[in-house]
């Protein structure tokens, strides 16, 4: 790889050291290598990426994994290229609070219109409650939960969460960062992943 | 059939869907009672028993259809009853092990045919029908938390349609009968629980027998052997010797585990513990307690032998009832009975039982227990519950039935309520939120734990919530969280522990679960005054701060102080004491001042060079911190070296400065306390004089609360030991307020006031003021105070008063019954009182008329009786009193007749020169009587006196010589008479 390209990548993965970027690059190529070269440019497809999320980062919710994929896939071409891989992981593993707020917001904003609507929230929270057999309308609880969330986070009272709403709420209460579903890896998984991937960082 | 039981099932499983009733003796007895109730129902209440249930009770049975007889249509796989309800439904239907029943009469039939499977059937029925009452009488009678108006509703129904619906009356009766059963069940369960708590010879015997049956040399056996140290069993079942039985001890065991040394165990009614063991050679047992007290042998062995703990699990069920949570489960079992007042009663009862148990541990606390007896308050009626109640109830529902995401949302939303408000705090408890919050602490979800702890931390400011959290085992969970690598979690857990551990039982729980050690571990962080801290180091410092907060709360129990010390907490606290941050210093100094009640800490505070830091922080601009520093010095300055150190580090001046903080009474009390203790050293008194502390102290003699006054007066009393200060106190106008304080009732204050007045009275000018205010009479009246310390202190104060007052003799005589009062104090059994009263009598006896009066009151015999004492202080003043009392009438002879002379001679062998002086004077007086001379001579007085003649003390010299002369003179006269 040419030096300017590496520079660009190091800049993208600003939370990593140069050596760590190299490790991630190597990992990326290993992962891509496993899949059959169907495209000229090597990149990860959706299924492969979701496998990594599931196996390495212990994520279980298909819907959320799909959304995380979309958040990584900045150019929306259905594939994760090396730049998207480095840039995404930089936030995913070591992001500052600001970066994580932006990342999570992108995950939760399905249509990318800059706000999380009532419907989007409903979809994301749909499976969050155990169905009570006694309840007439099983969605009643979910609707209520969405209303509770809006009441807590919708500071401008327009019925949806703008980025500003979301950011403000998370700053007040960090627990709300992953308010609509787990989309960041848990600390143990991060430690395991980094331990494995950066093990040979010094050798490179 | 027991609102109780259905709820019990929930408690014991803490899950959803169908639960299982645990097999414990208590559950079993409750089931038995229910069986008896149902079986007799149709014969006792024939009409009610035919009432058709609103919904069938349905469960999986093990009964074969063939068991049913007449009145039933029996086929191979199914049974239907001939009896039907209005709509033609059979009242009993069984098909393929699924059974449906619609009336009590059918239920009792089932039990009849079930025979030996009764228990199993009832259990299955109750497990499948969590709330049978709801099925029997309809959903409106379902068991609900909180006030229950079902009875009222029923009454109304009966009234409204008395003719239309005859069933309502039956329903009412059935309902009442069920209620009755509930009460009965609860009472019996309570009885059983109350028996569990204390050990008896029978229970110990059973347990030992049980253990014996699992002993052996093979590896599977839990123990090698268990044996009594004594073969003899008293008729009451005890094996301990009678003089140990009075301590509640039952027997002693010698237990050989597989993996550790032989254990010597004492079984007592309060529990079992390790003793010092048996010395085989001397056949002596060391009864001293060497371990904590455990509830029973199994618990003790689990702690002491890991081999035992591992193997015990695989043993039959009879053991599992000894599980740690046993009593808790059983109690909660009882707690579920529907009605509020019942619950209240139960809670109260249970806490009493456990209270009795904990008292046995003699866990003392340096602070008065807050709210230990506070009664549980509940909302009186459910009609005007605030809207928050319902909202919180809804959120708790989402907590229970939500995944991590929903849980976090519900937790965050709950934090938006005003959690400082009692209605919200109690609402969370009343809708069952506390259990859920505590259960969340046991999950792996860090976010849920954080959210839960944030709420628990807030609501645990309420004392009832604290108790509930401890009751649900929340402290154990929090202690476990202290091991988490997540620093935020550690902080929250420690802060919550700090809030919860405000009462004794909670502090004990923290210790028992290894909390103290872990909390001390949190204190270990880099010195926080170093510059350029990394964010991680800052987090560590925050963790340490939270740990110190928790230790502060825990340190109010004596055992915890010990545990903190043993866990190596003192050097860590010493390091944190160097912190520049006040929010760190306050909990650290708070803990130190709490612990300074222990001698070991006072020494350590001195040796770890903490006095310097304490003194430094006295000058900080934070009153709370200043207060804790001053109290720490107050407690530590009991030690002489500490007092010196406070002076060397220039701590006396800031203390004096604090005297101007007249609005903050706590601070003032701590500062004056520190000054008082520091002024015990004379060098410090000189410094205080220099800083004009005495003027300030005198200014604090009026309009101050008692805890300040005690210390102020104490300090003045110490300062007045110095001649020049007595005049200063007078010049500042301190004598009058001091004398007027003699009329108070606070014992501690009176002790200090009398001491101060006594010290001031040494100055004759002060005495005129005291006289003018009738101070002597006030002091005298304190002889009627029941506290011996006050009596003694008053008597000491009286001595200088009599000496310095011009016409003291006359004044004393004027006190009606006064002299009789003081003579009677010679009957006291307190050495200090006796010594002080003897000193006072020595002064009183200088006035001849008064001496005559006290002689009439029998002072001679009383003094003579005391002469056998070995206490040098008492000997000195007693000899002085005897010497002075000789001056009247035939008192010299009387002392001789009452046998006072011989013991006095032996006083001369004492090592105390002050005793020698007073005794010689007394002997000189006594030797004016011939018989006394003979006694003295017989007891070898001459030799002893001769050696004292050589003393440098002139009074002693003269008295000794005079005495010898008298003896000699008698001998000469005798010779003269004989040989003439």
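Protein chains in written order, with my numbering: chain A, 64 to 267; chain B, 7 to 986. For glycine and all other residues, C-beta sits at the position ideal for the given N, C-alpha and C. Being a predicted model, the structure only gives us computed values, none of them experimental.
Exercise for the section: Output the distance between the C-alpha atoms of residue 649(B) and residue 684(B), rounded to the nearest integer angstrom. Expected result: The residue labelled residue 649(B) in the question sits at position 643 within the second chain. The residue labelled residue 684(B) in the question sits at position 678 within the second chain. Roughly 5 Å between the two C-alpha positions.
Handout entry: Beta bridge counterpart(s) of residue 106(B) as assigned by DSSP
Key = In the second chain, the residue the question calls residue 106(B) occupies position 100. Residue 106(B) pairs with 64(B), 99(B).
Exercise for the section: Can you give me the Cβ contacts of residue 443(B) inside the same chain, cut-off strictly under 7 Å, excluding the 5 residues immediately before and after it? Expected result: Stepping through the second chain from its first residue, residue 443(B) is reached at position 437. Excluding residues within five positions, the ones whose Cβ falls inside 7 Å are 458, 461, 462.
Problem - Extent of the continuous beta strand (DSSP E) run through residue 273(B) - result: Taking the first residue of the second chain as position 1, residue 273(B) is located at position 267. From DSSP, the beta strand (DSSP E) with residue 273(B) extends over 269 to 274.
Practice task
Would you mind reading off the limits of the beta strand (DSSP E) that contains residue 118(A)?
Solution key: Along the first chain, one-based indexing puts residue 118(A) at 55. From DSSP, residue 118(A) is part of no beta strand (DSSP E) but of the alpha helix (DSSP H) over 109 to 118.
Problem - Short CB-CB distance (under 8 Å) between residue 273(A) and chain B - result: Here chain A has residues from 64 to 267 only, and residue 273(A) is not among them.
Exercise for the section: Assign residue 340(B) to one of three DSSP states: helix, strand, or coil. Expected result: Numbered from 1 along the second chain, position 334 holds the residue referred to as residue 340(B). Model confidence at residue 340(B) stands at a pLDDT of 36, short of 50, so the residue's coordinates are unreliable; what they give is reported in the following sentence. DSSP places residue 340(B) in helix when its eight states are reduced to three.
Handout entry: Extent of the continuous alpha helix (DSSP H) to which residue 257(B) belongs
Key = Within the second chain, the letter at position 251 stands for residue 257(B). Counting along the chain, residue 257(B) falls outside any alpha helix (DSSP H), though it belongs to the beta strand (DSSP E) covering 255 to 263.
Practice task
Using a threshold of 8 Å, state whether the C-beta atoms of residue 302(B) and residue 213(B) are closer than that.
Solution key: Along the second chain, read from residue 1 onward, the residue named residue 302(B) stands at position 296. Along the second chain, read from residue 1 onward, the residue named residue 213(B) stands at position 207. Cβ distance < 8 Å, so residue 302(B) and residue 213(B) count as in contact.
Exercise for the section: Spell out a yes or no on whether the segment 880 to 898 of chain B and the segment 929 to 945 of chain B are touching, meaning 3 or more CB-CB pairs, one atom from each, closer than 8 Å. Expected result: yes
Exercise for the section: Assess, as a yes-or-no matter, whether the segment 54 to 63 of chain B is touched by the segment 101 to 115 of chain B under the definition of 3 or more beta carbon pairs within less than 8 Å. Expected result: yes
Practice task
Can you grab the Cα-Cα spacing for the pair residue 748(B) / residue 877(B), in whole Å?
Solution key: In the second chain, residue 748(B) corresponds to position 742, counting from 1. In the second chain, residue 877(B) corresponds to position 871, counting from 1. Their Cα atoms are separated by approximately 30 Å.
Exercise for the section: Determine, using beta carbons only, whether residue 119(A) comes closer than 8 Å to chain B. Expected result: For the purposes of this step, residue 119(A) is taken as residue 56 along the first chain, with counting starting at 1. So, not an interface residue.
Exercise for the section: Please list the partners that residue 208(A) has in chain B, where partner means a Cβ-to-Cβ separation under 7 Å. Expected result: For this step, residue 208(A) is matched to residue 145 along the first chain. Within 7 Å Cβ-Cβ: 404, 412, 415.
Practice task
State the CB to CB distance for the pair residue 733(B) and residue 769(B), rounded to an integer number of angstroms; the pair is presumed to be in contact (CB under 8 Å).
Solution key: Locating residue 733(B) in the second chain gives position 727, counting from the first residue. Locating residue 769(B) in the second chain gives position 763, counting from the first residue. Yes, they are in contact, since the Cβ atoms of residue 733(B) and residue 769(B) sit about 6 Å apart, within 8 Å.
Exercise for the section: Would you tell me roughly how many angstroms separate the C-alpha atoms of residue 250(A) and residue 267(B), rounded to the nearest one? Expected result: As a working note, residue 250(A) is residue 187 in the first chain. As a working note, residue 267(B) is residue 261 in the second chain. For residue 250(A) and residue 267(B), the distance between alpha carbons rounds to 44 Å.
Problem - Cutoff 8 Å: residue 255(A) Cβ touching any chain B Cβ - result: On the first chain, residue 255(A) is found 192 positions in, with the first residue counted as 1. No, residue 255(A) lies away from the interface with chain B (no Cβ there is under 8 Å from its Cβ).
Practice task
Using three-state DSSP, classify residue 294(B) as helix, strand or coil.
Solution key: The count along the second chain starts at 1 and reaches residue 294(B) at position 288. Reduced to three states, the DSSP call for residue 294(B) is strand.
Handout entry: Where the beta strand (DSSP E) containing residue 281(B) begins and where it ends
Key = Position 275 of the second chain, counting from 1, holds the residue named residue 281(B). 277 to 285 is the extent of the beta strand (DSSP E) around residue 281(B).
Handout entry: chain A contact for residue 256(B) (CB, 8 Å cutoff)
Key = As a working mapping, residue 256(B) is identified with position 250 in the second chain. No, residue 256(B) does not count as interfacial toward chain A.
Problem - residue 20(B), DSSP secondary structure in three states - result: Against the second chain, residue 20(B) aligns to sequence position 14. Caution applies to residue 20(B), whose pLDDT of 37 falls short of 50 and renders its modelled position unreliable; the value that the coordinates give is listed next. Three-state DSSP puts residue 20(B) in coil, outside helix and strand.
Practice task
Using the DSSP secondary-structure output, state which residues sit across from residue 231(B) in a beta bridge.
Solution key: For the purposes of this step, residue 231(B) is identified with residue 225 of the second chain, where counting begins at 1. Answer by DSSP bridge pairing, in chain order: 262(B).
Practice task
Quick one: measure Cβ to Cβ for residue 579(B) and residue 597(B), integer angstroms, because I've assumed they're closer than 8 Å.
Solution key: Position 573 of the second chain, counted from the start, is the residue given in the question as residue 579(B). Position 591 of the second chain, counted from the start, is the residue given in the question as residue 597(B). Indeed they touch by this definition, with Cβ atoms about 6 Å apart.
Handout entry: Short Cβ contact (8 Å threshold) for residue 176(B) with residue 57(B)
Key = Reading the second chain from its first residue, position 170 is the one you call residue 176(B). Reading the second chain from its first residue, position 51 is the one you call residue 57(B). Cβ atoms of residue 176(B) and residue 57(B): closer than 8 Å.
Practice task
With 9 Å as the limit, tell me which residues of the segment 417 to 434 of chain B have their beta carbon closer than that to any beta carbon of chain A; keep them in chain order.
Solution key: 417, 418, 419, 421, 422
Handout entry: chain A contact for residue 438(B) (CB, 8 Å cutoff)
Key = Residue mapping note: residue 438(B) aligns to position 432 of the second chain, counting from 1. So, not an interface residue.
Practice task
Have a look at residue 128(A) and residue 117(A) and give me their C-alpha separation to the nearest angstrom.
Solution key: To locate residue 128(A), count along the first chain from 1; it is residue 65. To locate residue 117(A), count along the first chain from 1; it is residue 54. C-alpha separation (whole angstroms): 8 Å.
Problem - Minimum C-alpha distance to residue 132(B) - residue among 36(B), 913(B), 119(B) - result: The residue labelled residue 132(B) in the question sits at position 126 within the second chain. Here the closest residue by C-alpha is 36(B).
Problem - CB contact check: residue 211(A) to chain B, cutoff 8 Å - result: In the first chain, residue 211(A) corresponds to position 148, counting from 1. Yes, its Cβ sits closer than 8 Å to a Cβ of chain B.
Problem - Nearest candidate by alpha-carbon position, reference residue 513(B), set 497(B), 485(B), 751(B) - result: Residue 513(B) sits at position 507 when you count from the first residue of the second chain. Of the candidates 497(B), 485(B), 751(B), the one whose C-alpha sits nearest the C-alpha of residue 513(B) is 485(B).
Handout entry: Nearest neighbour of residue 602(B), chosen from 587(B), 566(B), 628(B), 589(B) [CA to CA]
Key = Mapped onto the second chain, residue 602(B) falls at position 596. Of 587(B), 566(B), 628(B), 589(B), the residue nearest in Cα terms is 566(B).
Exercise for the section: Give me whichever residues DSSP pairs with residue 713(B) in a beta bridge. Expected result: Taking the first residue of the second chain as 1, we reach residue 713(B) at position 707. Answer is none; residue 713(B) lacks a bridge partner.
Exercise for the section: For residue 134(A), decide whether its Cβ has a neighbour in chain B, counting only Cβ atoms nearer than 8 Å. Expected result: Numbered from its first residue, the first chain carries residue 134(A) at position 71. No - not a single Cβ of chain B is within 8 Å of the one on residue 134(A).
Handout entry: Same chain, Cβ closer than 6 Å to residue 6(B), five either side skipped, listed in chain order
Key = Because residue 6(B) is not part of the residues shown, which for chain B are 7 to 986, the question remains open.
Problem - Rounded C-alpha distance that separates residue 77(B) from residue 71(B) - result: Stepping through the second chain from its first residue, residue 77(B) is reached at position 71. Stepping through the second chain from its first residue, residue 71(B) is reached at position 65. Approximately 13 Å, taken between the alpha carbons.
Exercise for the section: Determine the burial state of residue 616(B): buried for a count of at least 16 other Cβ atoms within 10 Å of its Cβ, exposed for fewer. Expected result: For the purposes of this step, residue 616(B) is identified with residue 610 of the second chain, where counting begins at 1. Its Cβ being crowded by 16 or more others within 10 Å, residue 616(B) is buried.
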